[in-house]
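Asker: Chains as they are written, first to last, in the working numbering: chain B, 468 to 578; chain R, 10 to 436; chain F, 224 to 581. Attaching a single structure in structure tokens format; questions to follow.
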């Protein structure tokens with residue numbers, strides 16, 4: 468499977484995650500977001516950029532716990548509210564949608 | 010896959026569909042032998058023997074509802090049996106507002122079994138105590154067969170109804186119908202998980218608290234944390250009505266809520282006499298008195314006497330003489346924390362955190378929920394990624410944990426005081 | 224964007240339970256007086272009100288279909304006023320105040336292939352995991368093992384032949400989701416993972432896989448200019464923990480994933496404290512579709528327990544009385560050096576006394 472951006476195609480897996488993480492660009496991100504029916508706003512980009520920066524520094528996606536803590540701190544809100552905020556931005560979950568749009572590897576495992 | 014596995018894979022082939030397909034009737038492929046399914050000789054071996062066979066059940070349903078996904082899954086399973094390897098990989102499928110609850114499966118051999126490309130599972134929370142009426146269960150079956158494969162496991166090891174086999178495309182619609190009918194998804198990933206409770210006061214005279222009610226209320230309080238996994242790792246509650254612990258709470262849950270009592274075992278003297286008359290004095294001595302773990306039962310002038318101060322509420326004598334003996338009247342729960350299985354520090358049993366807590370009134374249950382929330386918050390602040398709460402407590406120290414969550418140290422929490430002198434008092 | 228939720232779902236949590244309870248259950252809720260086991264498939268609970276409620280229990284495959292569940296619903300409608308429940312070990316239970324319904328219900332259940340039993344001192348259904356049918360990290364098919372073992376233990380499910388109840392479990396990897404049990408049949412990998420360097424850096428987060436290892440045997444490396452991981456095979460304890468975090472750490476293998484058999488796990492607090500299970504057999508072939516070798520070992524252990532256990536002794540209590548040495552003699556299993564614990568807190572399992580049975 469592929470996504471097409473500016474007449475170039477990028478390989479994604481059956482779940483829609485980029486196969487080659489180096490393929491990521493803002494245009495690709497916008498295309499991936501469209502597939503998730505998300506219109507990217509500054510608020511979305513804040514999260515996506517946070518994920519990207521974190522991944523670049525630590526080579527892992529942050530635990531969602533880290534993300535909600537960060538949002539709660541930044542906006543001076545409770546963690547529960549931060550969680551709702553996050554799911555309002557990414558209705559199918561930050562792990563699925565925000566990580567996908569940020570070009571991070573697919574989270575693994577159910578145990 | 011490495012070379013050896015590759016060669017095993019190469020040497021066996023899935024049944025070649027092209028040879029057996031005869032016609033495509035109304036979009037359904039029907040084969041020469043008149044069967045919808047391909048041949049599965051190894052799986053068929055599991056149709057032999059007297060125990061009910063899941064293979065027979067699966068085949069029967071697939072031949073009736075003719076869902077291509079089921080045929081693909083049977084082909085893949087047969088291939089797994091032939092090659093002794095699993096071929097599912099994970100992914101992520103969710104519904105709106107939920108970050109967990111659907112276990113995503115894509116086939117790794119989709120070229121061989123395209124019909125099994127997607128085979129995702131809904132984890133659905135049953136009613137506490139696994140109680141059903143047929144209307145609920147039939148409704149569940151109908152919704153599930155409409156959108157999914159019709160395959161169901163009752164129940165998963167965390168206590169979920171597992172609806173197995175749906176495509177990502179149909180997930181939201183199926184969930185909306187389930188949700189409308191009163192069902193909700195269970196937990197997965199680093200979050201609070203689905204819970205289990207024993208049959209409880211619905212049918213058991215030994216239930217020392219209302220396991221069903223407490224299960225429902227506690228899990229309702231954590232419902233957001235079940236659907237949106239944002240913890241260090243999984244956390245499970247389990248609710249057993251007495252220390253027989255029929256839902257294996259002590260070993261299989263991070264927070265085990267186990268029924269107990271404080272006052273004396275209730276004794277019906279007439280029934281004790283009747284029991285002895287029927288079963289004999291030898292039986293009383295061999296199977297009740299000498300089996301008491303703390304020697305708290307003795308014979309005095311031919312009468313059974315219980316030293317309640319030395320009773321540890323193990324339930325044995327009550328199990329043997331259920332008509333004559335029953336738990337005391339001042340009932341509540343013991344809470345044990347930290348139980349978990351192997352991954353990765355080894356198996357841990359829950360350890361006593363709260364020896365006695367009452368959960369009868371709404372207010373008492375509310376207090377318990379508040380304490381549980383405080384404990385989870387402590388774990389959020391102190392735990393590491395992929396660390397169960399029992400491991401966090403062990404790493405930070407039980408003393409630290411008790412101080413942080415505001416629980417008083419209690420001799421019932423330990424099997425013995427420390428045997429080393431390495432600690433620091435106030436100076 | 225708001226801090227209040229905007230999605231429409233009714234987050235209802237566990238299903239409501241009151242509607243799932245039989246009227247006699249509701250009437251006597253919390254007011255039961257005692258129970259009696261009438262036979263291996265039937266028990267009666269008597270309320271303070273004098274009401275009697277009969278329970279008929281039967282085994283199911285656990286891996287069910289809507290067809291099977293509709294059949295169970297038909298039986299519940301016919302004999303139990305439309306109510307049924309399940310036990311944690313996958314048995315179905317029909318509860319009815321109508322004594323006259325018991326015999327015809329049992330007859331119908333047996334005719335439809337559901338064995339009636341599972342109550343009291345006997346072998347009840349196996350708690351087990353998912354396996355090849357659905358799991359992403361399985362080395363076997365627990366459903367198949369459970370079916371094969373229960374075929375052999377069919378009569379042990381239906382008759383009171385054991386000193387106390389026997390609970391079994393089966394798990395498809397060492398994580399042991401099937402749980403602690405009197406006898407547990409669990410996959411044991413026998414070789415460190417092979418690493419799929421081609422895909423590793425795209426399917427895993429490297430530091431996560433490194434952190435997952437309990438003995439720090441995984442290190443970053445570069446293979447063919449790609450970031451990857453390597454395993455110190457000397458250190459590796461073949462636990463498979465890394466595989467869950469990183470599918471490129473291929474631990475499963477048709478020849479190097481064997482079975483091990485463990486005994487003496489007990490969750491209940493009755494008499495002795497709950498206990499963890501101990502390893503008594505390993506290198507057992509993982510041999511679909513009937514797993515005869517596993518079956519043979521389970522059979523031997525059960526036979527020895529059946530002969531040697533005293534009434535009410537669970538597996539761990541029987542072994543506690545006769546000692547592990549005699550357990551190995553009675554079951555003719557072989558004690559091997561690998562059965563000496565070498566992991567955390569291992570010393571707790573050493574004999575720190577002069578007590579020996581000669």
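Using N, Cα and C, we set each Cβ at its ideal position, and we do this for glycine too. The structure displayed is predicted, hence computed values, not measured ones.
Taking the C-alpha atoms as reference points, what is the distance between residue 374 (chain R) and residue 186 (chain R)?
Answerer: One C-alpha to the other measures close to 31 Å.
Asker: So, using beta-carbon positions, are residue 280 (chain F) and residue 339 (chain F) closer together than 8 Å?
Answerer: Taking 8 Å as the Cβ cut-off, residue 280 (chain F) and residue 339 (chain F) qualify as a contacting pair.
Asker: Below 7 Å CB to CB, which residues in the same chain sit around residue 561 (chain F) once its five sequence neighbours on both sides are set aside?
Answerer: 505
Asker: For residue 315 (chain F) and residue 283 (chain F), which I take to be in contact (beta-carbon distance under 8 Å), what is that distance rounded to the nearest angstrom?
Answerer: Contact flag correct, Cβ pair sits at about 5 Å.
Asker: Given residue 472 (chain B), which residues of its chain have a CB within under 6 Å of its CB, disregarding the five upstream and five downstream residues?
Answerer: Cβ-Cβ distances below 6 Å link residue 472 (chain B) to 494, 495, 498 in the same chain, with the five nearest sequence neighbours on each side left out; the list follows chain order.
Asker: Hey, is the region 365-382 of chain F in contact with the region 512-522 of chain F, meaning 3+ C-beta pairs nearer than 8 Å?
Answerer: Flag = yes, the region 365-382 of chain F and the region 512-522 of chain F touch.
Asker: How far does the beta strand (DSSP E) with residue 248 (chain R) in it reach, from first residue to last?
Answerer: 246-249
Asker: Contact criterion: CB-CB distance below 8 Å. Does residue 358 (chain F) meet it with respect to chain R?
Answerer: yes
Asker: Is the region 259-279 of chain F touching the region 244-251 of chain F in the sense that three or more CB pairs, one from each, lie closer than 8 Å?
Answerer: Short answer: they touch.
Asker: What's the gap between the Cα of residue 429 (chain R) and the Cα of residue 576 (chain F)?
Answerer: 20 Å
Asker: Tell me the residue span of the beta strand (DSSP E) that contains residue 364 (chain R).
Answerer: 360-366
Asker: Could you check which residue in R:217, R:125, R:79 has the C-alpha nearest to that of residue 342 (chain R)?
Answerer: R:217
Asker: Go through the region 102-128 of chain R residue by residue and report every complete run of the beta strand (DSSP E) that reaches 3 residues or more, in order.
Answerer: none
Asker: Among residues of its own chain, excluding the 5 on either side of residue 553 (chain F), which ones have a beta-carbon nearer than 7 Å to its beta-carbon?
Answerer: 527, 531
Asker: Measure the CB-CB distance between residue 305 (chain F) and residue 142 (chain R) and report whether it falls below 8 Å.
Answerer: yes
Asker: Specify, as a first and last residue, the run of the beta strand (DSSP E) that residue 287 (chain F) falls within.
Answerer: 286-288
Asker: Any beta-carbon of chain F closer than 8 Å to the one on residue 31 (chain R)?
Answerer: The predicted model places residue 31 (chain R) with a pLDDT of 48, which falls under 50 and marks its position as unreliable; any figure quoted below should be read in that light. Not an interface residue.
Asker: So, are the CB atoms of residue 425 (chain F) and residue 488 (chain B) less than 8 Å apart?
Answerer: yes
Asker: Just how far apart, CA to CA, sit residue 458 (chain F) and residue 415 (chain F)?
Answerer: 10 Å
Asker: Give a yes or no on whether the minimum CB-CB distance between residue 173 (chain R) and chain F is below 8 Å.
Answerer: yes
Asker: Which whole-angstrom value is the C-beta distance of residue 253 (chain R) and residue 493 (chain F), which I expect to be below 8 Å?
Answerer: 6 Å
Asker: Let me check one thing: in DSSP terms, what residues is residue 327 (chain R) bridge-paired to?
Answerer: DSSP, once it has assigned bridges, lists no residue as partnering residue 327 (chain R).
Asker: For the alpha helix (DSSP H) holding residue 557 (chain B), just list the boundary residues, first then last.
Answerer: Counting along the chain, residue 557 (chain B) falls outside any alpha helix (DSSP H), and DSSP gives it neither H nor E.
Asker: Check each residue of the region 491-511 of chain B: if its Cβ is closer than 7 Å to any Cβ of chain R, include it; give the result in chain order.
Answerer: none
Asker: Does the region 505-519 of chain B touch the region 210-226 of chain R, meaning 3 or more C-beta pairs lie closer than 8 Å?
Answerer: Too few Cβ pairs lie closer than 8 Å, so no.
Asker: Let me confirm a value: residue 311 (chain R) is counted as buried when at least 16 other C-beta atoms fall within 10 Å, else exposed. Which label applies?
Answerer: exposed
Asker: Just the chain R side, please: which residues come within less than 8 Å of residue 563 (chain B) by C-beta, in chain order?
Answerer: 101, 102, 103, 108
Asker: Of the residues that make up the region 126-150 of chain R, which ones have a beta carbon closer than 9 Å to any beta carbon in chain F?
Answerer: Considering only beta carbons, the part of the region 126-150 of chain R lying closer than 9 Å to chain F consists of 128, 130, 133, 134, 135, 136, 137, 138, 139, 140, 141, 142, 143, 144, 145, 146, 147, 149, 150, in chain order.
Asker: Quick one: list the residues of chain B neighbouring residue 199 (chain R), beta-carbon separation under 8 Å, in chain order.
Answerer: What residue 199 (chain R) touches in chain B, judged by beta-carbon distance under 8 Å, is 530, 531, 532, going in chain order.
Asker: Tell me residue 443 (chain F)'s beta-bridge partners as DSSP assigns them.
Answerer: F:452
Asker: Would you say the region 108-123 of chain R touches the region 80-93 of chain R, given that touching needs at least three Cβ pairs under 8 Å?
Answerer: yes
Asker: Determine the extent of the alpha helix (DSSP H) in which residue 391 (chain R) is found, giving its start and end residues.
Answerer: Residues 371-391.
Asker: Of all the alpha helix (DSSP H) runs that stay within the bounds of the region 278-347 of chain F, which reach a length of 4 or more residues?
Answerer: 289-302, 325-334
Asker: Looking at chain F, is there any beta carbon in it that lies within less than 8 Å of the beta carbon of residue 521 (chain B)?
Answerer: Residue 521 (chain B) has a beta carbon lying at 8 Å or more from every beta carbon in chain F.
Asker: Is residue 541 (chain B) close to chain R? Criterion is C-beta to C-beta, closer than 8 Å.
Answerer: no
Asker: By alpha-carbon positions, which one of F:257, F:344, F:482, F:322 ends up nearest to residue 392 (chain F)?
Answerer: F:482
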